[in-house]
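Data block below; observations after.
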Amino acid sequence: MTDMLQKLKNAVRSRSIHVAYVDTGSCNGCDIEVLACLSPRYDLEQYGIYVHNNPREADILLVIGCCTPQWEDKLKGIWEKIPEPKAAIAIGNCPVSGCVFNREGSYVNPPASKHIPIAASVPGCPPRPTEIIRAVLSLAPTIFADYEEKRQ
Amino acid sequence: MGFSIIWYLREFLRAEWLRNFFFAKTAPLVDPPYFRGYPALTGKECTHCLSCMMICPTPGAIEVLRDGETWTPHIYPGHCIRCGLCVEACPEDVLDAGRVLETQKRDRTDISVRYQVTVNPDTCVRCGNCVVACPVNKEADPQLGAGGTSANDEVIMKIHRGNLWVVHDEKCTGCKTCESVCPTTAIRIARVAEGRQEVGK
Ligand code: SF4
Ligand code: SF4
Ligand code: SF4
Ligand code: SF4
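Chains as they are written, first to last, in my numbering: chain A, 44 to 195; chain B, 105 to 305.
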């Protein structure tokens, strides 16, 4: 019985992934690519991925931008608001390396993995919408499958 | 009433609609061929001229590393912004991304790079260190004087009548040895990169 329930949960979770995104100081290029995922051409919702900007509802946090000092504690706060099971994906070069902003005298503090645990990163400046969708789709089943059993 | 419910059910339970609802997968999840991805090696030989590293706008994106007897450019995802400038700047076509090389051939464009040598006359003390240190000068005039004087007009710069003259800055290779030996940071090397297009035949 629990097996059946778990299987049902896995199936439902892999077809209903709620995503919140947070821009911690990027040029907006990656935000626009995330928005492009919602457009009819890529149509994210056919995969059961929904974008909400509410961490309380989210399963996956997309981190965009190179973590300016003002965002350090706020990014942690947003991460803690997301209910388990959860995962964070770094979108673009900024949360990986700081990209072109990471120069001497810049007021940025990458990588994002310094501040919250990052499960995957999608490099690119900006990454293509297909790359973003591919990352979310390949990450979601492994993160959310059998969550209750893994926790025990 | 009964008829319209049946009509609705029949309308909405069409097999095609149900299939699309449960198994929808229509988005093109492949990259189109013209997509400019990370520059990839074409297999041509790299001459270690470092034009690619110098044109790259992003810190830490490209490095030309020694690989046994040869040199190979390495691109780091997470840093590289896929601008394709290194592909355009490379004189040997070692790298390619998307249609960059193809377009460059078709439009006959290239990137020309020259170096501008500027000396601040207010802070220069005419010591001649820069003249003596410059590897191009040494090549051009092996009999270079210790104070930076030269009887030769082929040098990049020389001390003449108590002043520093820049005569051939088009020969500068941008090594910046002169900057590193100048006691007053009076000499500055600026790289000027220009996109060019060959017009007509
Ligand atoms: S594509 Fe642009 S950012 Fe990437 S290595 Fe080449 S020059 Fe640098
Ligand atoms: S890849 Fe091209 S530009 Fe870069 S060092 Fe080699 S030959 Fe020069
Ligand atoms: S940059 Fe190098 S080649 Fe150019 S003037 Fe200075 S020492 Fe000479
Ligand atoms: S090394 Fe500096 S101070 Fe000396 S001659 Fe050259 S520019 Fe002038």
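Where a beta carbon is used, it is the ideal one built from N, C-alpha and C, also for glycine. These numbers come from a predicted model, not from an experiment.
Proximity of Pro166 (chain A) to chain B, defined by a Cβ-Cβ separation below 7 Å, is satisfied. Look at the segment 84-172 of chain A and you find these whole runs of alpha helix (DSSP H), each 4 residues long or longer: 115-124 and 137-140.
The beta carbon of Leu133 (chain B) falls within 7 Å of a beta carbon belonging to chain A, placing the residue at that interface. Between Ala237 (chain B) and Val285 (chain B), the CB-CB gap stays under 7 Å. Rounded to the nearest whole angstrom, the C-alpha separation of Val139 (chain A) and His272 (chain B) is 44 Å. Chain order gives the chain A residues near Arg186 (chain B) as Gly167 and Cys168, where near means a beta carbon separation below 7 Å. The chain-ordered list of residues whose CB is nearer than 5 Å to some heavy atom of ligand 3 reads B:Cys238, B:Val240, B:Ile260, B:Cys276, B:Thr277, B:Cys279, B:Lys280, B:Thr281, B:Cys282 and B:Ile293. The Cβ of Val77 (chain A) sits no closer than 7 Å to any Cβ of chain B. The beta carbon of Val134 (chain B) is closer than 7 Å to none in its chain, skipping five residues each way along the sequence. Looking at B:Ser155, B:Pro225 and B:Leu113, the one whose alpha-carbon comes closest to that of Thr289 (chain B) is B:Pro225. Residue contact with chain B for Ser140 (chain A): present (Cβ-Cβ distance below 7 Å to some residue of chain B).
Buried is the label assigned to Ile185 (chain B), since at least 16 other Cβ atoms lie within 10 Å of its Cβ.
DSSP, reduced to helix, strand and coil, places Ala244 (chain B) within a helical segment of the structure shown. A contact is defined here as three or more CB-CB pairs under 8 Å, and the segment 145-165 of chain B fails this definition with respect to the segment 112-127 of chain B. Distance from the Cα of Asp214 (chain B) is smallest, within the candidate group B:Lys275, B:Cys279, B:Val221 and B:Ala193, for B:Ala193. Per DSSP, Val65 (chain A) is one residue of the beta strand (DSSP E) stretching across Ile60 to Asp66. Counting along the chain, Arg265 (chain B) sits inside no beta strand (DSSP E), nor does DSSP assign it H or E at all.
In the structure shown, the three-state DSSP call for Gly249 (chain B) is coil. Remark: C-beta atoms of Cys109 (chain A) and Gly72 (chain A) do not approach each other more closely than 7 Å.
According to DSSP, residue pairing for Ser216 (chain B) in a beta bridge involves B:Glu298.
The Cβ atoms of Val221 (chain B) and Val204 (chain B) do not sit closer than 7 Å to each other.
Interface flag for Thr173 (chain A) against chain B is set, since a Cβ pair is found closer than 7 Å.
Counting C-beta pairs closer than 8 Å gives fewer than three between the segment 165-185 of chain B and the segment 227-234 of chain B, which falls short of the contact rule. Look at which beta carbons fall closer than 7 Å to any heavy atom of ligand 2; those residues are B:Cys150, B:Thr151, B:His152, B:Cys153, B:Leu154, B:Ser155, B:Cys156, B:Met157, B:Val168, B:Trp175, B:Pro177, B:Cys190, B:Ala193, B:Cys194, B:Pro195, B:Glu196, B:Val198 and B:Leu199. In the structure shown, Arg186 (chain B) falls within a coil segment according to DSSP collapsed to helix, strand and coil.
Annotated three-state conformation of Arg114 (chain B) is helix, per DSSP. Per DSSP, Val168 (chain B) is one residue of the beta strand (DSSP E) stretching across Ile166 to Asp171. Remark: C-beta atoms of Glu196 (chain B) and Thr151 (chain B) approach each other more closely than 7 Å. Put simply, the backbone Cα of Phe116 (chain B) is about 16 Å away from that of Gly106 (chain B).
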